[in-house]
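Structure first, then comments.
Residue numbers (my numbering), protein chains in the order written: chain A, 14 to 314; chain B, 1095 to 1228.
So, in structure tokens, the structure goes:
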């Protein structure tokens, strides 16, 4: 299976991604082999609010990387309805420039119940694209809620795309942006206010330097529809690869991934435990507090 | 794969027909029915549709066509899907397709044709009952 991936078969990769998404238990067995066969692709998260032109910018970036001879894999994650569990996966429609390119592989994924905006299995899907020889592997997600934070924990380099019409909202920009963005792109650079928004962001990010122990991220202006600024953006993303792989940064990401895997595992085991129903009933009747309930489920002796 | 896994549907408009309101209404309706829907938009060739279906590993492909070119484009799309090893994918069509052409299209591998006036609920039910998943 892993060999099929490495030889570039699109169908085996697509089938594997389906099994990854659905939590198929055979994927668990494959995981060590999948990781061992990884080729070290640069995993780049790209997030931004609706209206920022993120998907168009991603498409332009893909074009630029293709010119540089890179094979690009994309996971485009969109939110599932919490009520119906359905989803409109609307990113592919913006990638039509690359529809016929055999060296671009795009997969749309629904978040499937995860509140952070990323599917729980996104990181495994990224590993599969890496093993299949795509580099960079892009993870595109809508910038709502804390999705920047979530994607920053999975990706090595996080790119945040903003629209120029931020005005006074620049001051109210979410804390998550300052802490997790490795590269910021102010898109729709042909609009008035784009350069000013970029300057304001640079000013904000430099004053935060005392509190956050790192160099502020570069802020670039791009116009995705014309391609202006896109090569420089690709350069900035590529340049960040080294920084992302420095020991402290790599360790931070690894710690988060392990904590997350632990939480998922503990959760699943708890739900499968014979005492689950009775424990939940006790909490519902207020006979037991949730923390004690959790401790009992973790240690059911 | 469990039965809990949402069904993935690709909705595409093959050919040069530029009217996509129906396809978009269907996409949103299917989302409300619990499907994961990838809408690839206008002016798709059968090759583009098959390529997208392959990468997205969809369970269903829905082809919306109002231009009259269905006899040329729909069987070709089915053929390309089969060539990619996707014979299990449920392929359905909707839009403006004369009754006289339905039998031929079904022989070519289009499982069902939904004319104007079909409810989203009917389509959703059909997909759920007929999808083939390993």
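Where a beta carbon is used, it is the ideal one built from N, C-alpha and C, also for glycine.
Asked: Within chain A, the residues that residue 1142 (chain B) reaches when beta carbons sit closer than 9 Å; Found: 109, 112, 113
Asked: Residue 197 (chain A) and residue 74 (chain A) closer than 9 Å at C-beta; Found: no
Asked: Test item: CB-CB of residue 258 (chain A) and residue 232 (chain A) under 9 Å; Found: no
Asked: Best match in A:138, A:206, A:172, A:219 for proximity to residue 319 (chain A) [C-alpha to C-alpha]; Found: With chain A running from 14 to 314 in the structure shown, residue 319 (chain A) is simply not present.
Asked: Nearest neighbour of residue 22 (chain A), chosen from A:213, A:98, A:115, A:149 [CA to CA]; Found: A:115
Asked: Cα-Cα separation between residue 27 (chain A) and residue 218 (chain A), rounded to whole angstroms; Found: 40 Å
Asked: Cutoff 9 Å: residue 1211 (chain B) Cβ touching any chain A Cβ; Found: no
Asked: Entirely enclosed beta strand (DSSP E) segments - the segment 114 to 174 of chain A, minimum 3 residues; Found: 117 to 123, 150 to 155
Asked: Cut-off 7 Å between Cβ atoms - residues of its own chain near residue 148 (chain A), not counting five sequence neighbours on either side; Found: 52, 54, 55, 83, 84
Asked: Residue 185 (chain A) versus residue 60 (chain A) - alpha carbon distance; Found: In this predicted model, residue 185 (chain A) has a pLDDT of only 49, less than 50, meaning its place in the structure is not dependable; the value taken from the coordinates is given anyway. Distance between the alpha carbons of residue 185 (chain A) and residue 60 (chain A) is about 18 Å.
Asked: DSSP state of residue 29 (chain A) mapped onto helix, strand, coil; Found: helix
Asked: Residue-chain proximity (residue 35 (chain A), chain B), Cβ-Cβ < 9 Å; Found: yes
Asked: C-alpha distance - residue 289 (chain A) paired with residue 282 (chain A), whole-angstrom precision; Found: 9 Å
Asked: Cβ contact (3+ pairs, closer than 8 Å) linking the segment 292 to 299 of chain A and the segment 1139 to 1154 of chain B; Found: no
Asked: Test: residue 137 (chain A) CB closer than 9 Å to a CB of chain B; Found: no
Asked: Against chain A: residues of the segment 1154 to 1167 of chain B by CB proximity under 8 Å; Found: none
Asked: Contacts of residue 1175 (chain B) in chain A (Cβ-Cβ under 9 Å); Found: Ordered by position in chain A, no residue passes the 9 Å Cβ test against residue 1175 (chain B), which lies about 11 Å from the chain.
Asked: Own chain, CB closer than 7 Å to residue 212 (chain A), minus 5 neighbours either side, in chain order; Found: none
Asked: Closer than 9 Å to chain B by CB, residue 131 (chain A); Found: no
Asked: Residue from A:280, A:297, A:94, A:102 with nearest C-alpha to residue 126 (chain A); Found: A:94
Asked: Below-9 Å beta-carbon distance, residue 1099 (chain B) vs any chain A residue; Found: yes
Asked: Nearest to residue 239 (chain A) (by Cα), restricted to the options A:202, A:92, A:256; Found: A:202
Asked: Partners in chain C for residue 1129 (chain B), counting only beta-carbon separations shorter than 7 Å; Found: The chain inventory of the structure shown lacks chain C, comprising the protein chains A and B.
Asked: For residue 65 (chain A) and residue 1052 (chain B), the rounded distance between their alpha carbons; Found: Past the boundaries of the shown model lies residue 1052 (chain B); chain B is included only from 1095 to 1228, so the question cannot be answered.
Asked: Residue 1187 (chain B) at chain A interface by Cβ criterion, 9 Å; Found: no
Asked: Counterpart residues of residue 91 (chain A) in DSSP-defined beta bridges; Found: A:123
Asked: Three-state class that DSSP yields for residue 96 (chain A) in the structure shown; Found: coil
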